[in-house]
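**Student:** In numbering that gives the first Met the number 0, the protein residues as written are 0 to 385.
Just so it is clear, CB atoms sit at the ideal spot from N, CA and C, and this is done for glycine as well.
On a predicted model such as this, the values are computed, not experimentally measured, just so you know.
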Amino acid sequence: MSFSIDGTKLAFSSDLLQAQSFEVSSVPKPYSVILDSNDNPCTSINAQLAKNPKNILIIDEKVWGLYGKDITWSSDRIFKVTATETFKGVDGVLALYEFMHQHDITKGETLVVVGGGITQDISAFVAATYKRGLKWVFFPSTLLAMSDSCIGGKAGVNFKGSKNQLALFSSPHSVIINTAFLATLDEKDIQSGLGEILKLCITGGQELVDFFAESVEGGKVADKTNFKPLIMSALAVKRAVIEVDEFEQNIRKGLNYGHTIGHVIESMTDYAIPHGIAVVVGMMIVNQMSFEQGLLSQEHFFAIDSLCLSLIDEQSLAHLNRMDTKEIMQRLKQDKKVSGDQVTFVMLKQAGGLAFVKVTMNEDLENQMSRILGQFSLMLVTGGVC
C-alpha cells in the first residue's frame, strides 16, 4: 500500500494491518509494539513491574482509579499523574523529577508508564532528561495514544500557555497495547482517538479511508473487533513516515495535517474541544482551503468532509460558534511553522496525497478563515451534524 507526502512516495505492507506485533526502526535503537490479548491489561503491567523491585509506575490517576485494585505494586513507587494540560507543564515535570530524586532512581530501573498522551509526554520528557536517559515502557490507555502518539518518540510539555513549546524526542523501550482499556473510555475520548485515526487513514490512501468509513458509523465503532485493525492501520501509516524521517526534518511534517489550526482551536477553548476533534476541525478548514485553491476535487472534498463531520458533536460546534477569527490569526503567528508572514499548511490533494503549501498571513486569509468558520455556525443552527 502506498501514499505520498509532498511528492515523496512511501509504502507499507497490508500484512501489518493484521499483525500482532511489529518493530519500529529508531535512533538510537529500535523498539517493539505489541498487541496484548490479556482480558485484563494489568496482567502485563504487573509482569513488567515485577522485572525489577525498584521499577517505578507512572500512571494517570483516573486509570489508577479504574484499575489500581488489580495492580500489585508498592504504593511508594507509584507516581499518579493529573492528566490535564495545566499539569503537562514545567510544574508537572518538576514534580516527577522530585519524585525520582526522592526514590533514588538509577539507570538500572524502568519507568512503567500507563495512561494517555499527557502522561506519555511528561514521562517521556523526564525519561530522556533525567540522568541523561532512563528506559521506559508505555502502556497506552486511550485510543488516541494507542493509534498515534505511542510511536514516533515526540515528547512535549506546555510553556507560557502554548502547547508543546518545550520538546524533544524520547522513544520508549517498548509499547504494549491492550484494547481492553477502551471499555472504560467515554464517548468523547473515543471520538478524539478516531479523529487521529481518520487523519492517518486519509494520509495513507483511499483503501484505508474506505475501511474507516465501513467501521465507523455516526462517530461510533459498532463492531468492537474493528478497533485493532483501525489502530494498526493508523500505526502502519505513521511507522512508514517516521522510519524515513524520525526527527521531522521533512516529510514527517505532513503528519501535522489538521494540527496547525487544530492546536489553536484546542487552546482557545481551554481544551474543551479534545485534541482529536480539534484536529478534525483543522482538517476540514484546510480541506476547504485546498478545494478553493483547486488542489482537491469536489468529489474528494465532500467525501472526506462527511467523514470528518461524523466525529464532531454539537458541544464542539457550539465552541466553534464562539471563535474569534482575529484571535485565531494572532495565535497562528506563534506557530513554529510560521516564517516571516507565511505559514505552511499541510493540504490534501486526494486520499493518500498531501502537500506543503505556504499561505500568506494577511487579510485575505483572515476573511477566508472567518467565512469557513461561519459554516460551522450554520451547521449548529441547522443541526448539520451527521
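So, with DSSP's three-state summary, where would you put A166?
**Tutor:** In this structure, A166 counts as strand in the three-state DSSP scheme.
**Student:** Would you list the residues sitting across from Y30 in a DSSP beta bridge?
**Tutor:** V23
**Student:** Do you know how far the Cα of S122 is from the Cα of A212?
**Tutor:** 34 Å
**Student:** Am I right that G275 and G194 are in contact with their C-beta atoms under 8 Å? What's the rounded C-beta distance?
**Tutor:** 3 Å
**Student:** In the DSSP output, which residue or residues are listed as bridge partners for W135?
**Tutor:** L110
**Student:** Only counting the same chain, and skipping five residues up and downstream in sequence, which positions put a Cβ closer than 6 Å to that of I4?
**Tutor:** I250, G253 and L353
**Student:** For K8, which option in G204, M378 and Q367 has the closest C-alpha, if you only look at C-alpha atoms?
**Tutor:** G204
**Student:** By Cβ distance, which residues of its chain are closer than 6 Å to F355, with the 5 residues on each side in sequence left out?
**Tutor:** Contacts found: D5 and T343.
**Student:** Measure the alpha-carbon distance for Q17 versus H102 and round it to whole angstroms.
**Tutor:** 41 Å
**Student:** At the level of alpha carbons, what is the spacing between K198 and G257?
**Tutor:** 8 Å
**Student:** Of the residues A166, I371 and T81, which one's Cα is nearest the Cα of E291?
**Tutor:** I371
**Student:** Going straight from the alpha carbon of Q367 to that of F2, what length do you get?
**Tutor:** 29 Å
**Student:** DSSP state of F210, grouped into three classes?
**Tutor:** helix
**Student:** Can you give the Cα-Cα distance for A82 and L110, rounded to whole angstroms?
**Tutor:** The alpha-carbon atoms of A82 and L110 are separated by roughly 17 Å.
**Student:** Who pairs with F301 in a beta bridge, going by DSSP?
**Tutor:** Its beta-bridge partners do not exist; DSSP assigns none.
**Student:** In terms of residue numbering, what span does the alpha helix (DSSP H) encompassing Y276 cover?
**Tutor:** Checking the sequence, you will find Ile at residue 276 rather than Tyr. Run containing I276: H274 to E291, per the alpha helix (DSSP H) assignment.
**Student:** On the criterion of 16 or more Cβ atoms from any shown chain inside 10 Å, does A49 qualify as buried, or is it exposed?
**Tutor:** exposed
**Student:** Verify whether the separation of the beta carbon atoms of T178 and F226 is less than 8 Å.
**Tutor:** yes
**Student:** Quick one: residues in its chain with C-beta nearer than 7 Å to the C-beta of W135, no 5 flanking neighbours on either side, listed in chain order?
**Tutor:** T109, L110, V112, S122, A123, A126, P171 and H172
**Student:** What's the call for V62, buried or exposed, on a 16-neighbour Cβ count within 10 Å?
**Tutor:** buried
**Student:** Could you compute how far the alpha carbon of S369 sits from the alpha carbon of L65?
**Tutor:** 43 Å
**Student:** Write down the C-beta distance between N39 and D69 rounded to the nearest angstrom, noting that I regard them as a contact closer than 8 Å.
**Tutor:** 6 Å
**Student:** Mapping the DSSP letters down to three states, classify A354 as helix, strand or coil.
**Tutor:** strand
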